[in-house]
Each structure stands twice: as structure tokens, then as C-alpha cells.
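Protein chains in written order, with my numbering: chain A, 1 to 113; chain B, 1 to 109.
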């Protein structure tokens, strides 16, 4: 099976702009979770989508949003970018929700100037 | 509040020596505990989870509910074990995972 794919792999944006990141899960997986990884904070949970519904949400401002499509592909959007949003954004998919093993993508490196 | 603590950012051991990576957690309820590993230039991947009670690549981890710990152990470290290790917990509803900040393990030949 093909693994989790994320596009784009690298992005450079300026403050105030918005950005959309995409994640394609492993075929058959219905749960997609998003994480922000930074050197200082490590991996922080953003949100999880399962069958097109947001199941869980981490402690991030409303500028961070996401959605999931009927084919389980997911997008994450960050509006009004801030310098502190510079991070590696990881997507993970799993077959089920509820403490299921997660399979991670390679990440999208976002740099905000 | 849910929290995972990995007290060691860096850990170096000699090849053949025992290794223990520490993980402590706080969670109101019964969490699922996991260890994930990231080798150089590879993706984050699952190493083991406590409910499966498996030994993967010689690593084991015992959940100690009294001490709220889930330390990762291997009796004889190998060079290929050099990687970043993350302890993680999840509640039983949904896939909301809490990760520790990771321990970078270096095995010295």
C-alpha cells in the first residue's frame, strides 16, 4: 500500500497570508489527524477527522481549521499566518478512530517570513 | 491535564549496553500508551504499544500505573537503534494523541 502523502513538502509564506496543506491517507483509512511539530513544543495535536467529521480538536486558535472529503483526503488551513506558525505539519492516518495506530506522512515544512 | 514527559532530551550508550528511555504520563482515565520512533530521514513510525505486549526490535515497555510510567527498554543496544524516540498516549475516545518531546538516542560503536 502507498503510504500517507502530503503536499506540498515545503512552503514559504509571509505574515498575514493564508495557507492550505493537503494530506492523502493510506487507502482504506478513514481517520486523519494533524500535528504541529516545532523544536520547542514537540508534536502537538491539532485535530482529527473521521468520516468527514471533526472528532477531536487540540488547543489551537481558530485560525487553524481543517476538513475531510468523502475520499478521506484532508486539508488543513491556516489563516492570517504568524511567525510562530513556522513548523513541520504532520498528517497521520489510521483505519479507525479510538487509539488506533497512526501512520505518519513526511510532513509539510512551513516557513513564515 | 494530559501530559507526557520524557526527561532526557539526549541519551548516549555504548553498543551492547542496556538502554532505558524514560516516559512518565499524567492522564485522568485509562490511557493507551505508545512508543514511536523516527530514524534519520525517515517518517515517524510506531515502535510498540502497550496493549499488544509485543517485543519489537528487542525493545519492550511495561506500563506501571502506580508510577504512571511507560519506560522503553532494550538489554543490548545496537547502532541501528540510534534514532529519535517519542512516547505518546491516547485516550480511548478518538485519536487525540499527546506526545512527549522526544529523546534522541545515540548508540556509540
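All C-beta atoms, glycine included, are put in the ideal place defined by N, C-alpha and C.
Span of the beta strand (DSSP E), counted from its first residue to its last, around residue i
i                      : result
residue 87 of chain B  : 83–90
residue 25 of chain B  : 24–26
residue 9 of chain A   : Careful: residue 9 of chain A lies outside any beta strand (DSSP E) and carries neither H nor E.
residue 20 of chain B  : 19–21
residue 72 of chain B  : 69–74
residue 61 of chain B  : 60–64
residue 109 of chain A : 108–112
residue 32 of chain B  : 32–38
residue 46 of chain B  : 45–49
residue 3 of chain B   : 3–5
residue 12 of chain B  : 10–14
residue 104 of chain B : 103–108
Whole-Å CB distance - residue i paired with residue j, under 8 Å assumed
i                      : j                     : result
residue 66 of chain A  : residue 52 of chain A : No, residue 66 of chain A and residue 52 of chain A are not in contact; Cβ-Cβ is about 11 Å, not under 8 Å.
residue 90 of chain A  : residue 44 of chain A : Not confirmed; about 10 Å, so no contact.
residue 23 of chain A  : residue 55 of chain A : Not really, about 15 Å apart at Cβ, beyond 8 Å.
residue 102 of chain A : residue 97 of chain B : 7 Å
residue 80 of chain A  : residue 12 of chain A : Going by Cβ atoms, the distance from residue 80 of chain A to residue 12 of chain A rounds to 17 Å, so no, they are not a contact pair.
residue 27 of chain A  : residue 2 of chain A  : 7 Å
residue 20 of chain B  : residue 65 of chain B : In fact, because the Cβ distance is near 18 Å, the residues do not count as touching under 8 Å.
residue 77 of chain A  : residue 20 of chain A : 5 Å
Contact test: residue i Cβ vs the ligand FAD heavy atom, cutoff 6 Å
i                     : result
residue 57 of chain B : In the structure on display, the ligand FAD does not appear, and there are no ligands present to speak of.
Neighbour list for residue i in chain B, Cβ cutoff strictly below 9 Å
i                     : result
residue 28 of chain A : Neighbours of residue 28 of chain A on chain B: none; closest Cβ ~16 Å, over 9 Å.
Chain B contact residues for residue i, given Cβ-Cβ distances below 8 Å
i                      : result
residue 105 of chain A : 43
Neighbouring residues, chain A, relative to residue i (Cβ below 7 Å)
i                     : result
residue 90 of chain B : 99
residue 32 of chain B : 99
residue 11 of chain B : Near residue 11 of chain B there are no residues of chain A at all, since even the closest Cβ is about 16 Å away, more than 7 Å.
Cross-chain neighbours of residue i in chain A, by beta carbon under 8 Å
i                      : result
residue 98 of chain B  : 45
residue 105 of chain B : Correct list: empty, because the minimum Cβ distance to chain A is about 16 Å.
residue 49 of chain B  : 101
residue 79 of chain B  : Within chain A, no residue comes near residue 79 of chain B; the closest Cβ sits about 24 Å away, beyond 8 Å.
residue 72 of chain B  : By Cβ distance, chain A contributes nothing, its closest Cβ being about 17 Å from residue 72 of chain B, past 8 Å.
Within chain A, partners of residue i - CB distance below 9 Å
i                      : result
residue 102 of chain B : 42, 43
residue 86 of chain B  : 42, 43
residue 21 of chain B  : None at all; the shortest Cβ gap to chain A is about 15 Å.
Minimum Cβ-Cβ distance from residue i to chain D less than 7 Å
i                     : result
residue 77 of chain A : Checking the listed chains, one finds no chain D in this structure; the protein chains it contains are A and B.
Which whole runs of the beta strand (DSSP E) in the region 45–97 of chain A are 3 residues long or more, in chain order?
53–57, 64–68, 74–78, 87–94
Fully enclosed by the region 17–43 of chain A, which beta strand (DSSP E) runs are 3 residues long or longer?
19–24, 31–38
Taking beta-carbon pairs under 8 Å, can you tell me which members of the region 50–83 of chain A lie near chain B?
50, 55, 56, 58
Using a Cβ-Cβ cut-off of less than 9 Å, give me the residues of the region 90–102 of chain A that come near chain B, in sequence order.
90, 92, 94, 96, 97, 98, 99, 100, 101, 102
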